[in-house]
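Residue numbers (my numbering): 2 to 686.
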């Protein structure tokens, strides 16, 4: 029995030992498989993060490329319109009948377009430079290509279990293992729960502070750290143990904050688009003014004027709603201001009435000034502007040297840097708008003085015009008029007639005159044999003066004359002609006429001369200003002053002038292709 008991005890002990080793082997095999799976998972995790960093770099480059594509389009349009505007400055020309305010509108709109388009190009260049520097910095400092740590100890888990003692080898099958984990200090818990290769570690590596480049935030103004979203911190912790913790979603925060990084150059892109839109609007206004200025000289083209204004307004509506829809009523107010301004300008150019222009032209310029002021106010009141002002003025915080510099803090620094750029860009745009407003203020003041104040100051100098009944030869369209001692002569290009008022009962009589070319202008003088017309001819050899009773004599200096005025008495032997904008006095010599002196008075470059005559001892000049208004200027050479006779609009188509006496003047007026004669007398004499 004793032997049996001993053998039984030995068998029981052996079975117990065998069971213990089987149990331990079971746990060992399961743990080995778990460690293998864990190792495979770690390799997959490293591959995931390596691929994530590569994808993040590619996404960043693609976002930057899309933004650069937009900026390139804006700069291309701005550059094309800028070159067209500068070319228009050099080659533009207007008809003499084009009103002055249309010319001022063209040049002021073109100058405004140059200012805005130059700002657009400047912002585009700054945006491209900022995008390159910021992207290069992020790719080299914050998103470096990932290099896994080759010194990772994959046996650390097994070693930790062995350190826990014998009990860690006896796990009940099917029961969640805790390996006798016990509460530890906070630092130990963080060390154990923080994997050696986690997204947080990646974030810390990728967010090392860089103080050498201002594009990642100004070190003097560290931002507040944004708290991560709770949703981003809540991750899957199912079946997690003290050995491992796979809870990390910080990569999602990085992807979310890439848009904040693009805001480093987004303000420049936005202002480039705004300035390009403003420049396009100004260019369209200048083009419309140029078109209207070209057709205003032809009274039958009113529909073309209306069409040009309509097309310009439709284009402006589209541009304002696309580029300047800021809210605050801007999308409605700005088109209304421009539409009203263009309507006033079109009406002023079509009617060409001094009293109407006194209200319409300054009003048109004032409305354009209001448009630029409305744009400036809209930019100042923009919602982003208020937010920017508040954040840019935030008091800098002292940064704790031991505080973790996370990706969220980086993105907040980028955001504040972007907002400071927005403030500086907004200031530059407002300065450009101030330049445009100053130009429109100047032309508004000019229009007010020219069309309003001058209208009332010169009211007493206006002349009255009365039509005379004269019978002209049939199919005869004269262009030049001369009178002397009661004789009135009219001429077309090839014939001269003497006419009398219908009340005299005399019909027009053709005056024979030997001509060597087409008639440029005529005058008249009297001698002992009577009064004769004097003809100005322009031949290939130069200008010639022909007295119909004598031979032709050349003008000695070789210049081509446009108008001619002979003294009443031929014995005085003096002629007055116009050359470009100068009055030249000629004296008769043996071989022709030679210039004796150039009168000190010079005509303004903006005015053109239509007729020239002598009124006693004073030259009488018929001139037209850029607004189409006719004036008779009596030049008092001895007193070095002039007297202006402002003619009414009924005489706006006067072609020539002469003075039958010392108190009046005769005008040759063409109305509906029919010649008429009118007498003008100043009201103040």
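In this text, a Cβ means the ideal position worked out from N, Cα and C, and glycines have one as well.
Note that the structure is predicted; figures quoted are calculated from it, not measured.
Strictly by DSSP, which residues pair up with residue 564? 579
With a cut-off of 8 Å, do at least 3 Cβ pairs link the region 434-444 to the region 342-352? no
How long is the line joining the alpha carbons of residue 374 and residue 624, rounded to whole angstroms? 38 Å
Integer-rounded CB distance, given that residue 277 should sit under 8 Å from residue 114: Actually they are not in contact, since the Cβ atoms of residue 114 and residue 277 sit about 10 Å apart, beyond 8 Å.
Alpha-carbon spacing of residue 427 relative to residue 75, whole angstroms: 18 Å
Alpha carbon to alpha carbon, what distance is there between residue 83 and residue 368? 24 Å
To which residues does DSSP link residue 524 through a beta bridge? 535
Beta carbon of residue 520, beta carbon of residue 482: below 9 Å? no
What is the DSSP secondary structure of residue 669, counted as helix, strand or coil? strand
Buried versus exposed, by CB contacts within 10 Å (16 or more), residue 471: buried
Touching or not, the region 483-502 and the region 531-544, by the rule of three or more beta carbon pairs under 8 Å? yes
Per DSSP, what kind of secondary structure is residue 676 in: helix, strand or coil? strand
Specify the secondary structure class of residue 234 as computed by DSSP and reduced to three states. Here the model assigns residue 234 a pLDDT of 40, short of 50, so the residue's position is not dependable, and the following value carries that caveat. Looking at residue 234 - three-state DSSP - the assignment turns out to be helix.
Exposure of residue 545, with buried meaning 16 or more beta-carbon neighbours within 10 Å: buried
What are the partner residues of residue 466, as DSSP defines its beta bridges? 681
Near residue 132, which residues of its chain fall below 7 Å by C-beta distance, leaving aside the five closest residues on each side in sequence? 65, 68, 69 and 266
Is the region 12-28 in contact with the region 104-113, if contact means three or more CB pairs nearer than 8 Å? no
Roughly how many angstroms lie between the CA atoms of residue 243 and residue 54, to the nearest whole one? For residue 243, the predicted model reports a pLDDT of 33, less than 50, meaning its position is unreliable and no value from the coordinates is stated.
Three-state class that DSSP yields for residue 125 in the structure shown: helix
Measure how close the beta-carbons of residue 294 and residue 95 come, nearest whole angstrom, since I'm counting them as under 8 Å. 5 Å
May I ask you to report which of helix, strand or coil DSSP gives residue 530? coil
Simplified DSSP assignment, three categories, for residue 1: Beyond the ends of the chain as shown, which are 2 and 686, falls residue 1; an answer cannot be given.
Expressed to the nearest angstrom, what Euclidean distance is found between the alpha-carbon atoms of residue 15 and residue 41? 38 Å
Report, in whole angstroms, the separation of the C-beta atoms of residue 144 and residue 61, which I expect to be a contact under 8 Å. 7 Å
For residue 13, count neighbouring C-beta atoms within 10 Å of its own C-beta (all shown protein chains included) and say buried if the count is 16 or more, exposed if not. exposed
Between 646, 637 and 568, which lies nearest to residue 614 when the distance is taken from Cα to Cα? 568
Who are the near neighbours of residue 468 in its chain, counting only those whose CB is closer than 7 Å to its CB and skipping five residues on each side? 677 and 679
Considering only DSSP beta bridges, list what residue 609 is partnered with. 625
Quick one, are the C-beta atoms of residue 690 and residue 669 less than 9 Å apart? Within the shown structure, residues of the chain are numbered from 2 to 686, placing residue 690 beyond reach of any answer.
Alpha carbon to alpha carbon, how far is residue 626 from residue 682? Give it in angstroms, no decimals. 20 Å
So residue 339 and residue 376 are supposed to be a Cβ contact under 8 Å. How far apart are they, rounded? That belief does not hold up - the Cβ atoms of residue 339 and residue 376 are roughly 11 Å apart, past 8 Å.
For residue 612, tell me which candidate among 359, 444 and 480 has the shortest Cα-Cα distance. 480
Determine the closest residue to residue 378 out of 87, 432 and 357, with distance taken between C-alpha atoms. 432
Cβ separation of residue 275 and residue 430, assumed to be a contact under 8 Å, to the nearest whole Å: 7 Å
Alpha carbon to alpha carbon, what distance is there between residue 630 and residue 663? 23 Å
Beta-carbon contacts of residue 598 that lie in its chain and below 8 Å, excluding the five residues immediately before and after: 585 and 586
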